Amino acid sequence: MQNDLLMDKIDLNTIPPEDETGRQYYFMAKAKAHVEQFAEQLGHVPTCCVTTFGCQMNARDSEKLVGILQKVGFEVTESEKSDFVIFNTCTVRDNANQKPHGPLGKSNGYKRRNPLMQIALCGCMMQEPSVIEKIRKSYSFVNLIFGTHNIFKFAELLCRMFEADGMIVDIWKDTEQIVEDLPVERKYRFKSGINIMFGCNNFCSYCIVPYVRGRERSRSAEEIIKEIENLVADGVVEVMLLGQNVNSYGKNLENPISFAELLRRVEKIEGLERIRFMTSHPKDLSDELIQVMKESKKICRHLHLPLQSGSTRILTAMNRRYTKEQYVDLALKIRREIPDIAITTDLIVGFPGETPEDVEETIDVVRKVKYDNAFTFIYSKRTGTPAASMENQVPEEQVKVCFDKLLKVVQETAKEQVSKYEGQIMDALIEEVNENDSTMVTGRLSNNTIVHVPGDVSMIGKILPVSLDTCHGFYYIGHCV
Ligand code: SAH
Ligand code: SF4
Ligand code: F3S
4 MQNDLLMDKI DLNTIPPEDE TGRQYYFMAK AKAHVEQFAE QLGHVPTCCV
54 TTFGCQMNAR DSEKLVGILQ KVGFEVTESE KSDFVIFNTC TVRDNANQKP
104 HGPLGKSNGY KRRNPLMQIA LCGCMMQEPS VIEKIRKSYS FVNLIFGTHN
154 IFKFAELLCR MFEADGMIVD IWKDTEQIVE DLPVERKYRF KSGINIMFGC
204 NNFCSYCIVP YVRGRERSRS AEEIIKEIEN LVADGVVEVM LLGQNVNSYG
254 KNLENPISFA ELLRRVEKIE GLERIRFMTS HPKDLSDELI QVMKESKKIC
304 RHLHLPLQSG STRILTAMNR RYTKEQYVDL ALKIRREIPD IAITTDLIVG
354 FPGETPEDVE ETIDVVRKVK YDNAFTFIYS KRTGTPAASM ENQVPEEQVK
404 VCFDKLLKVV QETAKEQVSK YEGQIMDALI EEVNENDSTM VTGRLSNNTI
454 VHVPGDVSMI GKILPVSLDT CHGFYYIGHC V
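Count along the sequence shown starting at 1, add 3, and that's the number in this note's numbering.
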């Protein structure tokens with residue numbers, strides 16, 4: 004708010020302020036002038052559209068982009084025919100990598116019809132030099148490319164885009180900076196993601212994230228609490244604390260604090276009803292965290308605890324730093340301490356050197372832990388990661404057979420777990436009108452299970468008791484009581 008008022012008073016004839024937040028507000032004021040000019044050229048208020056690929060981190064980043072776009076005068080739409088389109092990309096697996104190509108090709112067509120149209124690319128894929136090379140060659144119609152480390156400079160980059168003739172490419176290798184207090188436009192009024200940390204130091208041998216998101220950096224607890232308090236004042240009842248490994252939160256802060264301690268502080272925020280977090284690396288999950296979850300009235304009964312593989316041999320090659328037994332002991336301890344918790348996971352099939360016997364070990368863990376849901380991925384070779392140069396890549400046919408077998412067990416256990424609550428009454432946060440039936444609304448239980456109930460738009464954002472009448476595999480049909 005304060006910054007908003009400041010923006011109108013910014014004198015663009017002076018040099019930009021030195022503090023980064025102030026500097027970006029200066030460039031927002033400047034970009035606003037550019038957008039006004041753009042509107043004159045177009046003959047209407049310029050429209051924009053941000054398309055997001057990948058994880059919750061990218062979704063949150065896109066909310067930051069939209070916040071700035073609105074502030075500088077764009078009308079935000081969902082149409083990829085808009086006057087300015089941005090693709091926020093992901094590169095975690097090869098199929099994620101392929102996704103932007105189709106829409107990007109289409110934008111080229113739209114741009115031929117609307118030559119003033121501007122196109123930008125950002126996100127994790129842009130941190131790969133080979134990708135930039137390819138875009139320069141094959142997609143020369145793109146106006147702006149930036150990466151994950153300089154996204155806080157978006158306002159400044161927008162100005163450069165409007166001032167330049169050709170393609171602007173600005174990619175940083177890394178950053179130490181965390182810039183606070185820039186505008187954000189939430190997708191949902193009643194819930195929000197919050198970055199509590201950026202980057203990752205784990206270097207799992209298959210994973211590209213540490214290379215494209217940089218080293219781990221935590222935000223201060225004070226900044227996080229302040230942001231959540233502001234969100235709650237603005238109508239948010241549920242927050243999702245985001246980090247690649249939230250269990251190592253706070254270790255690199257000047258005054259180190261544990262993730263469990265951060266949760267204790269978040270819990271105290273009045274008006275906040277639900278707390279979620281993602282993702283927990285099993286190697287760093289403390290007893291203190293289990294205790295805090297157990298005692299909490301607000302932390303949701305859901306833990307995403309990625310296993311990746313149930314074979315200790317493969318886990319070692321993956322650099323996960325836990326054994327099958329350690330993982331199973333941990334998961335069962337959590338189930339003992341918090342009996343109503345839902346545990347979900349990520350699994351990879353086809354890591355180099357994996358045999359069908361290794362996959363049997365993974366299946367064994369699925370049976371023991373009884374996941375409430377699991378994302379099962381086929382290993383995807385990411386250039387630059389240690390696993391990419393391992394010799395014994397697994398034949399496609401074996402991967403397919405093992406994947407199907409694992410998926411079947413995952414679906415069986417998930418169905419069994421989810422259906423446990425049939426007939427019970429639980430609280431659901433109503434999130435949206437049902438896509439297929441406008442007389443129904445869709446809610447989410449604390450344990451992350453979806454329930455559809457008769458209702459209308461007035462219920463959105465409320466936490467209501469619902470009866471879980473019938474389980475349909477992964478979701479319930481119920482009614483409000
Ligand atoms: N930080 C999170 C995971 C982020 S990536 C964690 O450690 O749990 C999300 C998931 O994508 C991972 O859990 C993993 O299962 C999957 N993944 C990452 N790299 C992959 C690759 N090269 N091939 C297949 N799946 C991959
Ligand atoms: Fe990737 Fe491992 Fe970091 Fe998760 S913890 S982002 S899987 S390197
Ligand atoms: Fe993808 Fe980047 Fe997230 S690679 S999964 S968008 S951190």
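Where is the CB? At the ideal position from N, CA and C, for every residue including glycine. Predicted, not measured: the structure shown is a model, and the values here were computed from it.
In the three-state scheme derived from DSSP, where H, G and I count as helix and E and B as strand, residue 280 is classed as strand. Look at residue 97 here: in three-state DSSP terms it is helix.
Taking 7 angstroms as the cut-off, the beta carbon of residue 220 is found no closer than this to the beta carbon of residue 206. Residue 242 sits in a strand when the DSSP states are folded into three classes.
Contiguous alpha helix (DSSP H) elements confined to the region 390-432 occur at 399-421, taking only those with 4 or more residues. The shortest C-alpha to C-alpha distance from residue 448 to any of 479, 440, 460, 419 is the one to 479.
Cβ-Cβ separation between residue 365 and residue 314: approximately 7 angstroms, consistent with a contact (criterion under 8 angstroms). Every beta strand (DSSP E) of 3 residues or more that sits fully in the region 117-177 is shown, in chain order, as 121-126, 147-149, 171-173.
Here the alpha carbons of residue 394 and residue 387 stand approximately 14 angstroms from one another. Here DSSP, grouped into helix, strand and coil, assigns residue 220 to strand.
In this structure, residue 212 has its beta carbon less than 6 angstroms from a heavy atom of the ligand SF4. In this model, residue 153 and residue 170 are separated by some 17 angstroms (Cα to Cα). Distance from residue 89 to residue 53 at the Cβ level is roughly 5 angstroms; contact confirmed, criterion being Cβ atoms closer than 8 angstroms. Following the DSSP letters along the chain, one finds residue 378 inside the beta strand (DSSP E) bounded by residues 376-381.
Under the DSSP definition of a beta bridge, residue 180 lacks any partner. Taking the Cα of residue 190 as reference, the smallest distance to any Cα among 424, 239, 232 is reached at 239. If you look at residue 361, you'll find it isn't in any beta strand (DSSP E); it sits in the alpha helix (DSSP H) that goes 359-372. Residue 302 carries a strand assignment under DSSP once its states are collapsed to helix, strand and coil. Straight-line spacing of the CA atoms in residue 400 and residue 391 works out to 19 angstroms. Ranked by Cα distance from residue 482, the first of 457, 462, 461, 474 is 457. Distance from residue 464 to residue 193 at the Cβ level is roughly 3 angstroms; contact confirmed, criterion being Cβ atoms closer than 8 angstroms. For residue 55, the enclosing beta strand (DSSP E) has its first and last residue at 50-55. The shortest C-alpha to C-alpha distance from residue 360 to any of 406, 335, 266, 20 is the one to 406. Note on geometry: alpha-carbon atoms of residue 467 and residue 24 lie some 39 angstroms from one another.
Separation of the CB atoms of residue 348 and residue 374 is rounded to 5 angstroms, and the pair is thereby assigned contact status at 8 angstroms. From the listed residues 218, 160, 211, the smallest Cα separation to residue 180 is found for 218.
In the structure shown, the three-state DSSP call for residue 249 is helix. Using a Cβ distance threshold of 7 angstroms, residue 268 and residue 228 count as a contacting pair. Check the Cα spacing between residue 51 and each of 107, 144, 86: the tightest is with 86. It is roughly 41 angstroms from the alpha-carbon of residue 368 to the alpha-carbon of residue 107.
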